[in-house]
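In what follows, a structure is listed as structure tokens, so that the remarks can point back to it.
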Amino acid sequence: MGAVSSRLPVFPWDKLEPYKATAAAHPGGIVDLSVGTPVDPVPEVVQKALTAASDSPGYPTVWGTPELRDAIAGWCERRLGARGMTHQGVLPVVGSKELVAWLPTQLGLGPDAKVAYPRLAYPTYEVGARLARAEYVAYDDPTELDPAGLKLLWLNSPSNPTGRVLTKDELTRTVAWAREHGVLLFSDECYLELGWEAEPVSVLHPDVCGGSHEGIVAVHSLSKRSNLAGYRSAFLAGDPAVLGELLQIRKHGGMMTPAPVQAATIAALGDDTHVTEQRARYAARRTALREALLGHGFRIEHSEASLYLWATRDESCWSTVAHLADRGILVAPGDFYGPAGDRFVRVAFTATDERVAEAVRRLAP
Ligand SMILES: Cc1ncc(COP(=O)(O)O)c(C=O)c1O
């Protein structure tokens with residue numbers, strides 16, 4: 001027992017607990033800007049669809065209902081500009097975290113394979129490689145990686161934690177490089193609809209992929225754009241050969257999105273109004289927190305998209321975490337996302353307007 005868990009890193013959030021206790025002891029209560037978990041209501045149109053599908057006694061399918069596949073394919077064409085989407089080119093997953101964590105295993109990667117991901121990244125890319133006993137490597141520029149043994153390349157634009165957006169040229173160059181070297185490219189685009197000072201582009205855009213989805217898969221999630229983190233709804237879109245293989249494996253593994261969640265996902269993908277409303281909430285919180293942090297002496301890098309501000313006081317991230325915890329504000333230390341982040345903190349703007357206003361008040365000089 002314990003042999004598999006010993007392959008995994010220490011769960012980083014446990015290290016934040018003492019600072020959480022400090023922040024929680026603040027007389028005005030904690031302002032938790034650490035985990036980027038949505039706090040606003042699930043859109044009514046989505047709640048209604050979930051409720052209407054609550055009488056679902058039978059097993060759902062892993063591939064999802066034809067209506068769900070239509071909704072995903074249609075959304076990819078409408079929002080990503082993808083062309084020629086078919087049912088074979090889409091696959092629902094049970095939230096994107098499980099996919100990220102188990103993809104190398106489901107692709108059959110092992111000790112002779114390498115997985116690459118950005119130098120500063122969502123930690124689950126590494127977890128996925130470790131679960132499969134694959135090697136892993138962090139990159140600054142993916143096209144400078146040694147392609148020998150490299151089987152899976154992760155992109156993440158907009159980035160967690162930095163909010164950086166890859167340009168169309170960077171994406172195009174990387175897709176071409178991955179194809180030239182036979183490396184499968186997965187692009188995690190779960191913040192694509194949360195661009196503020198940049199317009200994020202999908203790898204499925206014809207200008208990037210040349211109209212073919214060969215060797216590329218985009219990962220999308222409804223957690224952030226539709227406040228559905230509690231529903232576990234996400235999907236893949238891209239190369240039908242890759243998705244067909246994953247579908248077979250996931251069928252045997254029973255990785256089904258619950259039927260009411262499939263119905264809710266169809267409603268969410270068909271409605272842009274709630275996305276516009278949610279974006280407006282985040283935009284206001286982002287502006288307020290950004291100005292407050294700058295006024296407090298922080299520098300902010302990247303952060304042109306996503307739900308985070310990547311901020312520094314040019315000191316150890318843990319000193320910044322402690323400084324803010326003393327003011328009742330909890331943020332994530334940058335080294336959770338790789339050693340290169342050790343002088344930054346990640347400030348999420350997923351808190352209520354009231355809590356954000358309270359943080360702004362406490363940061364005032
Ligand atoms: C880059 C990135 N990918 C994937 C996920 C997982 O999202 P979910 O499992 O809710 O779809 C997150 C969550 O924060 C993330 O930041």
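Using full-length UniProt numbering, you'd call the opening residue of the sequence shown number 1 and step up by one each time.
Note that the Cβ used here is the ideal one computed from N, Cα and C, for glycine as well.
**Study point:** First and last residue of the uninterrupted beta strand (DSSP E) at Gly238
**Key:** The residue you call residue 238 lines up with position 238 of the sequence shown. Per DSSP, Gly238 belongs to the beta strand (DSSP E) from Ala234 to Gly238.
Check your understanding: For Gly95, which residues of its own chain have a beta-carbon under 6 Å away from its beta-carbon, when the five flanking residues on both sides are left out?
Key -> As a position in the sequence shown, residue 95 is number 95, starting the count at 1. Same-chain partners within the cutoff: Arg232 and Ala234.
**Study point:** Close Cβ partners of His181 (< 8 Å) along its chain, the five nearest in sequence each way excluded
**Key:** On the sequence shown, residue 181 is found 181 positions in, with the first residue counted as 1. By the criterion of a C-beta distance shorter than 8 Å, His181 is surrounded in its chain by Pro147 and Leu150, once the five residues flanking it on both sides are discounted.
Practice item. Throw me the rounded Cβ distance for the Phe344 and Trp318 pair, which I believe falls under 8 Å. Key: Within the sequence shown, residue 344 is the residue found at index 344, counting from 1. Within the sequence shown, residue 318 is the residue found at index 318, counting from 1. Contact doesn't hold; Cβ gap of about 11 Å is too wide.
**Study point:** Residues whose Cβ lies closer than 6 Å to any heavy atom of ligand 3, in chain order
**Key:** Among the ligands modelled here, namely ligand 1, ligand 3 does not occur.
Check your understanding: Where Leu145 and Leu50 are concerned, what is the direct C-alpha to C-alpha distance, given to the nearest angstrom?
Key -> Translated into positions along the sequence shown, residue 145 becomes position 145. Translated into positions along the sequence shown, residue 50 becomes position 50. Separation of Leu145 and Leu50 (C-alpha to C-alpha, rounded to the nearest whole angstrom) is 44 Å.
Check your understanding: According to the Cβ coordinates, are Asp188 and Val219 closer than 7 Å?
Key -> Within the sequence shown, numbered from 1, the residue matching residue 188 stands at position 188. Within the sequence shown, numbered from 1, the residue matching residue 219 stands at position 219. In this structure, Val219 lies closer than 7 Å to Asp188 by Cβ.
Practice item. Kindly indicate which three-state DSSP category Ile30 falls into: helix, strand or coil? Key: Numbered from its first residue, the sequence shown carries residue 30 at position 30. Coil.
Exercise for review: Determine, using beta carbons only, whether Gln106 and Leu246 come nearer to each other than 7 Å.
Suggested key: Residue mapping note: residue 106 aligns to position 106 of the sequence shown, counting from 1. Residue mapping note: residue 246 aligns to position 246 of the sequence shown, counting from 1. With contacts defined by Cβ atoms closer than 7 Å, Gln106 and Leu246 form a contacting pair.
Review point. Any idea if Gln47 is buried or exposed, counting beta-carbon neighbours within 10 angstroms, 16 or more meaning buried?
Key: On the sequence shown, position 47 is the one that residue 47 refers to. Gln47 is exposed by the Cβ-count criterion.
Review point. Going along the chain, which residues of its own chain have a beta-carbon closer than 7 Å to the beta-carbon of Ala21, five neighbours each way excluded?
Key: For this step, residue 21 is matched to residue 21 along the sequence shown. Closer than 7 Å at Cβ, skipping near neighbours: no residue.
Review point. Is Gly89 closer than 7 Å to Ala237 when the C-beta atoms are compared?
Key: In the sequence shown, residue 237 corresponds to position 237, counting from 1. In the sequence shown, residue 89 corresponds to position 89, counting from 1. Contact flag set, yes.
Point to revise | Segments assigned beta strand (DSSP E), at least 3 residues, entirely inside the segment 265–338 | key: Correct list: 299–301 and 308–312.
**Study point:** Reference Pro260, options Leu68, Tyr19, Pro38 and Val201, closest by Cα
**Key:** Your numbering for residue 260 matches position 260 in the sequence shown. Among Leu68, Tyr19, Pro38 and Val201, the Cα nearest to that of Pro260 is on Leu68.
Exercise for review: Could you name the residues of the same chain whose beta carbon sits closer than 7 Å to that of Asp112, not counting the 5 residues immediately before and after it, in chain order?
Suggested key: The count along the sequence shown starts at 1 and reaches residue 112 at position 112. Once the five neighbours on either side are set aside, the close Cβ partners of Asp112 are Gly149.
Review point. Hey, Leu194 and Ala305 are a contact pair by Cβ (cut 8 Å); roughly how many whole angstroms apart?
Key: Your numbering for residue 194 matches position 194 in the sequence shown. Your numbering for residue 305 matches position 305 in the sequence shown. Sure, about 6 Å apart at Cβ, within 8 Å.
Review point. Among Ile266, Ala134, Asp271 and Leu228, which one has its Cα closest to the Cα of Leu153?
Key: Taking the sequence shown and counting its residues from 1, one reaches residue 153 at position 153. The shortest Cα separation from Leu153 among Ile266, Ala134, Asp271 and Leu228 belongs to Ala134.
Review point. What did DSSP end up calling Glu135 once you bin it into helix, strand or coil?
Key: Position 135 of the sequence shown, counted from the first residue, corresponds to residue 135. Residue state, collapsed to three classes: strand.
**Study point:** Reference Leu155; option with closest CA among Pro43, Leu131, Arg285 and Arg119
**Key:** One-based indexing of the sequence shown puts residue 155 at position 155. Relative to the Cα of Leu155, the nearest Cα in the group Pro43, Leu131, Arg285 and Arg119 belongs to Arg119.
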